[in-house]
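Right, one structure below, let's go through it.
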Amino acid sequence: MTIKLSVLASNCLLCGDFTKRDISLCKACEDSLPRIEHACKQCGIPLENINTPNDLCGQCIQNPPEVDYTVSLFHYENPVSYLIGQMKFQQQLSSAAILASLLDSEILKRNSDMTLPDAILPVPLHNSRLAKRGFNQSLEISRDVAKQKKIPLLIDQVSREKHTEAQTHLNKQQRLKNVKGCFKVLDPPVAKHIVIVDDVITTGATTNELARLLKAEGVEKVGVWSIARADIGS
Ligand SMILES: [Zn+2]
Ligand SMILES: [Zn+2]
């Protein structure tokens, strides 16, 4: 059973205006969200120079990550960070519904020649975190796009063995060490092309570790879709 997140009419979570849309976000507020216009196609980090060769950042050219492509919709700043915070820390399910709807409506527009994945893997939460929060935010934001595009969700195939705190203060070496052994593949997926969904990509270390594990199990192509991307290097 899935929780029905949408409501028929409500007030916009951001400006308070009445909206008849089936999410609590008015059209004007949706249009004003801080979209990432130009980003590295492999790691998703926003690029300032729109004439970057091959649309790759320096890091991905020098040292390509395991993740083959990344589509992140918004800069991790207000009001996107507010909506994500409301979902994760205030258990505000109307925020989850907004973010799920945005992912569904925007993700394919960002890369028109992108082939759809065979399966979607929401980043697994550690059981202790799941018990505390009551839901996995990555799973909640994956539901709309999975349903609309008829892509299966991988829910039980990968487990999170340890919880990692935000990794922004760690250097690259420390981050790699920190995520090592973080996940375990319980049931190797048969899909050849998997997209990992996360609410916010900070350093990319977590999704890259998942991609590494999936490829070790024979998955050929691994992408990442996320609502937001923090503007700090990979
Ligand atoms: Zn509004
Ligand atoms: Zn990159």
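Numbering-wise (numbering that gives the first Met the number 0), the sequence shown opens with residue 0 and increments by one.
Note that beta-carbon positions come from the ideal geometry of N, C-alpha and C, so glycine has one too.
Here the structure is a predicted model, which means the values were calculated and not measured.
{"Item": "Just to confirm the assignment, what range does the beta strand (DSSP E) spanning ARG142 have?", "Value": "Where ARG142 is concerned, there is no enclosing beta strand (DSSP E), although the alpha helix (DSSP H) it sits in stretches over 136-147."}
{"Item": "Please list, in chain order, all residues of the same chain as GLU219 whose beta carbon is under 8 Å from its beta carbon, the five residues on each side excluded.", "Value": "LYS191 and HIS192"}
{"Item": "Which residues bound the beta strand (DSSP E) around ALA190?", "Value": "Here ALA190 belongs to no beta strand (DSSP E), and DSSP marks it neither H nor E."}
{"Item": "Out of curiosity, what's the CA-to-CA distance linking SER31 and HIS74?", "Value": "12 Å"}
{"Item": "I'd like to confirm the pairing. Which residues does DSSP put opposite ILE119 in its beta bridges?", "Value": "LEU152 and VAL194"}
{"Item": "Mark ILE60 as exposed unless 16 or more other C-beta atoms lie within 10 angstroms of its C-beta, in which case mark it buried.", "Value": "exposed"}
{"Item": "Do the stretch 194-211 and the stretch 54-71 make contact, defined as three or more Cβ pairs closer than 8 Å?", "Value": "yes"}
{"Item": "Thinking C-beta only, is SER137 closer than 7 Å to ALA197?", "Value": "According to the sequence displayed, residue 197 carries Asp and not Ala. Yes, the Cβ-Cβ distance between ASP197 and SER137 is below 7 Å."}
{"Item": "CA-CA distance, LEU98 and ILE140?", "Value": "6 Å"}
{"Item": "Along the chain, where does the beta strand (DSSP E) containing SER94 start, and where does it finish?", "Value": "Segment 92-105 is the alpha helix (DSSP H) holding SER94; no beta strand (DSSP E) there."}
{"Item": "Please name the residue, chosen from LEU107, LYS40, SER93 and PRO123, that lies closest to ASP21 on a Cα-to-Cα basis.", "Value": "SER93"}
{"Item": "Count the other CB atoms within 10 Å of the CB of ALA145; is the residue buried (16 or more) or exposed (fewer)?", "Value": "buried"}
{"Item": "With DSSP collapsed to three states, give me the class of PRO52.", "Value": "helix"}
{"Item": "With distances taken Cα to Cα, identify the nearest neighbour of ILE87 among CYS181, ASN62 and ALA130.", "Value": "Reading off the sequence shown, one finds Lys at residue 87, where the question assumed Ile. The shortest C-alpha separation from LYS87 is found at ALA130."}
{"Item": "To the nearest angstrom, report how far apart LEU169 and VAL221 are at their CA atoms.", "Value": "25 Å"}
{"Item": "Rounding to the nearest angstrom, what Cα-Cα distance links THR163 and SER225 in this structure?", "Value": "18 Å"}
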